[in-house]
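**Q** Got a structure for you, questions after.
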Amino acid sequence: MYKSIFSLALVLFFGSAAAQTSQNFEYLDIFQLEYAEDPQISPNGEYVVYRRTGFDIMKDKPKGNLWIVGVEEPEIHHKLSAREVNENNARWSPAGDRIAFVSSTDEGSEIYLYWTETGAIARLTQLENSPSSLEWSPDGKSIAFTMKVNAKAPVIAKMPEKPEKAEWAKAPRITDRLKHEADGSGYIKPGFTHIFTIPAEGGTARQLTSGDFNHSGNLSWSSDGSKIFFSANRNEDWEYDFRNSEIYSVDVQNGNIDQLTERSGPDYSPVVSPNGKYIAYLGFEDKVQTYQTDKLQLMNIDGSGNKLISGGLDRSVSDPVWDAKSKGLYFKYNDLGVTKIAYIDLKGKVTDITTDVGGTTLGRPYASGSYNVSNGGEIAYTMSKPDRPADVAVIEKDDKPKILTGVNEDLLAYRNLGKVEEIWYKSSVDQRDIQGWIVYPPDFDETEEYPLLVENHGGPILNYGPHFSAEIQLYASQGYVVFYPNPRGSTSYGEEFGNLLYNNYPGEDYNDVMDGVDAVIGKGFINTDELFVTGGSAGGIMTAWIIGKTDRFTAAVVAKPVVNWISKTLVADNYFGYAESRYPGQPWENFEGYWKFSPLSLVGNVETPTMVMVGMDDLRTPPSEAKQLYHALKLRKVETVLVEIPEASHGIAARPSNLITKVAHTLAWFEKYRSGSNQD
């Protein structure tokens, strides 16, 4: 029945790499990169629909359309429709005869439906705000989704009427909410996210939840379609009890809500088993510390019989998906820098299926990626490679993956890329094994000496891995050996390792980085007179800390840093989340502790020429933090420059030109201090 939708199939033809001359990766290549994300395999396992994301060089923004590819016939590969608008959140109907998705136009985001037999498309909704978390009912007659419902801002004073045609200043923005802004989005308009359903043939969207609470995340229908399970924080003091959430159900007919879990900490991502007997979900008992691993839990459909099933795995579990027979679940987790898909039975036995998930973050080599499972157990996922962004692959248990797409072969097959190599070394602090990665320049020659560029990751509760990174490849293309470590505090080692930063950040993670530098130098191909260091966010904090601790580096670029925990904690968009989980107490209760871990406390030691860089719209590490470091260095007459990037939030690389700006300025600063440089 799918034949008609593939009548205009495009045959992939990449040509021969030998027919063209290869060259190194360049700045403008970033605009030509693409990646696959959110692959959704049809219930029968025959096709995968996914979002193909690229960049518009004229508008300097990402763009993404839905594409479909055959599993057994990958040459059948084309756009889902001829529409040139952003599309996402594609979800197959239970019978596989329709695909619901969200599409954005100048008029807003709406839910659309695509019929696989005819290729027809229809808009189902006319909504107040953008929908998300689409989920089909088991009988295919309804679609559930979440959407924000607007509310009014508080009014403090009644202003007098202005004279006709008078040009008064804009009205003030007034808020009384704990969380009222978010980096990348700015001011959050008042309102709450609620759950809705709409008939699959179109009609009026019906709101199921109510109250001044947010109901977000994934939705899961009961097997008979009478209830929808979700997570939320509906506690009276939910704003200040922000780490907590519970699992609830809402009756689709009358809106009655039942609470199924009750403990301190997050319980979320409920998924109902196909036989309707169980609910699997994620969460943990909150111990109030820097890092805690998300565990897979199981309970009966009525909330009874809670039990932990992933207790034997010291890693955070995400994205649980039941198998068709309700015998176990698939899930995703990060392990020693790589992202895996695994299967766990109801007794807790874990079996790894694949270890190469990721490739959907192009800037730096962070863990990422997603997957989806057919009724027959075929898994579609985003495959990560060190030299390619994500492609769509399909795998079954005990089988090898089949790569269905090659969205970057037209570009990267003709580029010389840096080789990515794993390195392990011992921490001088406690002899722990520490993981890092080395990226070599194209045409690397081990008999020569190269400058070393150290890239510190953000978070700090995150991890780098062997994933494609435009920034890292651009550094390597300019002749730098790049080293990026996963020091203590990084995820993918386990809870104890990640929590070593509690009330100790920055701390011995500095030693872990420097031990890695020595390990790379020990390989014999590094010019020790050309050591450079950079990093963004938590990586910027580490870079600022490093130059306050040592003068070994020739130059540094401190990007979007925190240099003063006292000022940052009360200014950033997540200001309410630091006390007790990062450092004991609030800043006014623990002034000495917050200052002790502020890189600004070490600025009197800094002699390293330092560029300071920040996005001017950054709400996570506000520009005032970067300016404090820059001003302090200027007062001390240390060589420095401040780079402020207009219209850039904390995620500087969100716009391709800003990613280029970041890398180009970093390299220009380092080149200025290279041995034999003719620059002033």
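First residue of the sequence shown? That's 85 in our numbering, and the numbers climb one at a time after it. Even for Gly, the Cβ is constructed at its ideal location relative to N, Cα and C.
E110: which of W753, S759, L743 sits nearest, CA to CA?
**A** Here the closest residue by C-alpha is L743.
**Q** Buried or exposed: where does N317 fall if 16 or more other Cβ atoms within 10 Å of its Cβ makes it buried?
**A** buried
**Q** In angstroms, rounded to a whole number, what distance separates the CA positions of I227 and D527?
**A** 53 Å
**Q** May I ask you to report which of helix, strand or coil DSSP gives I89?
**A** Note on I89: pLDDT 39, under 50, position unreliable in the model; the coordinate value appears next. Helix, per DSSP.
**Q** Please find out if some non-hydrogen atom of the ligand ADP comes closer than 7 Å to the beta-carbon of R399.
**A** In the structure shown, the ligand ADP is absent, as is every other ligand, since no ligand is present at all.
**Q** May I ask you to report which of helix, strand or coil DSSP gives S214?
**A** coil
**Q** Give the C-beta separation of Y417 and V401 to the nearest angstrom, bearing in mind that I take them to be a contact with Cβ-Cβ under 8 Å.
**A** Correct: roughly 5 Å between the Cβ atoms.
**Q** How is the alpha helix (DSSP H) around A628 delimited, first residue to last?
**A** Its alpha helix (DSSP H) spans residues 622-633.
**Q** Work out the CA separation of S357 and K607 for me, nearest whole Å.
**A** 52 Å
**Q** Quick one, which of E555, D613, P535 has its alpha-carbon nearest A738's?
**A** Per the C-alpha coordinates, the member of E555, D613, P535 positioned closest to A738 is E555.
**Q** Could you have a look at Y417 and say whether DSSP puts it in helix, strand or coil?
**A** strand
**Q** What three-state label does DSSP hand D190 in the structure shown?
**A** The three-state reading of DSSP puts D190 in coil, since its state is none of H, G, I, E or B.
**Q** Below 8 Å CB to CB, which residues in the same chain sit around V597 once its five sequence neighbours on both sides are set aside?
**A** Hits under 8 Å: V538, N540, P569, P571, M626, I630.
**Q** Using DSSP bridges, identify the partner residues of T724.
**A** T694
**Q** Roughly how far, in whole angstroms, is the beta-carbon of A710 from the beta-carbon of P668, given that I think they are within contact range, below 8 Å?
**A** That belief does not hold up - the Cβ atoms of A710 and P668 are roughly 27 Å apart, past 8 Å.
**Q** Assign Q381 to buried or exposed, taking buried as 16 or more other Cβ atoms, counted over all protein chains shown, within 10 Å of its Cβ.
**A** buried
**Q** Helix, strand or coil, according to DSSP, for H162 in the structure here?
**A** strand
**Q** Using the Cβ count rule (16 or more neighbours within 10 Å means buried), how would you classify F98?
**A** Unreliable placement is indicated for F98, whose pLDDT of 36 sits below 50; the coordinate value is still reported in the next sentence. Looking at its Cβ environment, which holds fewer than 16 other Cβ atoms inside 10 Å, F98 is exposed.
**Q** List the whole-angstrom C-beta distance separating F754 from A639, where the pair is believed to meet the contact cut-off of C-beta under 8 Å.
**A** 6 Å
**Q** Of the choices S665, G453, I279, P215, whose alpha-carbon is the least far from that of V441?
**A** G453
**Q** Report the three-state DSSP secondary structure of H551 (helix, strand or coil).
**A** H551 falls in the coil class under three-state DSSP.
**Q** Let me confirm a value: L262 is counted as buried when at least 16 other C-beta atoms fall within 10 Å, else exposed. Which label applies?
**A** exposed
**Q** Among residues of its own chain, excluding the 5 on either side of K311, which ones have a beta-carbon nearer than 8 Å to its beta-carbon?
**A** The residues are W305, S333, V334, D335, V336.
**Q** DSSP three-state call for V747: helix, strand or coil?
**A** helix
**Q** Is Q670 helix, strand or coil when you go by DSSP?
**A** coil
**Q** Should D602 and P544 be called a contact, given that it needs their Cβ atoms to be closer than 8 Å?
**A** Not closer than 8 Å, so no.
**Q** Are there 16 or more other CB atoms within 10 angstroms of the CB of K236, so buried, or fewer, so exposed?
**A** exposed
**Q** Does the beta-carbon of T618 have 16 or more other beta-carbons within 10 angstroms, so that it is buried, or is it exposed?
**A** Residue environment: T618 is assigned as buried (16 or more neighbouring CB atoms within 10 Å of its CB, all protein chains considered).
**Q** Indicate the three-state DSSP secondary structure (helix, strand or coil) for N588 in the structure shown.
**A** coil
**Q** Let me check one thing: in DSSP terms, what residues is Q519 bridge-paired to?
**A** According to DSSP, Q519 bridges with W508, N570.
**Q** Any contact between the stretch 170-184 and the stretch 120-132? By contact I mean 3 or more CB pairs, one from each, below 8 Å.
**A** The answer is yes - the stretch 120-132 touches the stretch 170-184, with three or more Cβ pairs under 8 Å.
**Q** Give the list of continuous beta strand (DSSP E) stretches no shorter than 3 residues that lie fully inside the stretch 381-460.
**A** 401-406, 412-419, 422-429, 434-441, 455-457
**Q** Considering just the uninterrupted stretch of the beta strand (DSSP E) at K711, what are its terminal residues?
**A** Run containing K711: none in the beta strand (DSSP E); it sits in the alpha helix (DSSP H), 707-719.
**Q** Just to confirm the assignment, what range does the beta strand (DSSP E) spanning T137 have?
**A** 131-140
**Q** From D429 to A732, what distance separates their C-alpha atoms?
**A** 45 Å
**Q** Are the stretch 655-664 and the stretch 715-730 touching, with three or more C-beta to C-beta distances below 8 Å?
**A** The stretch 655-664, when compared against the stretch 715-730, does not touch it at the 8 Å Cβ threshold.
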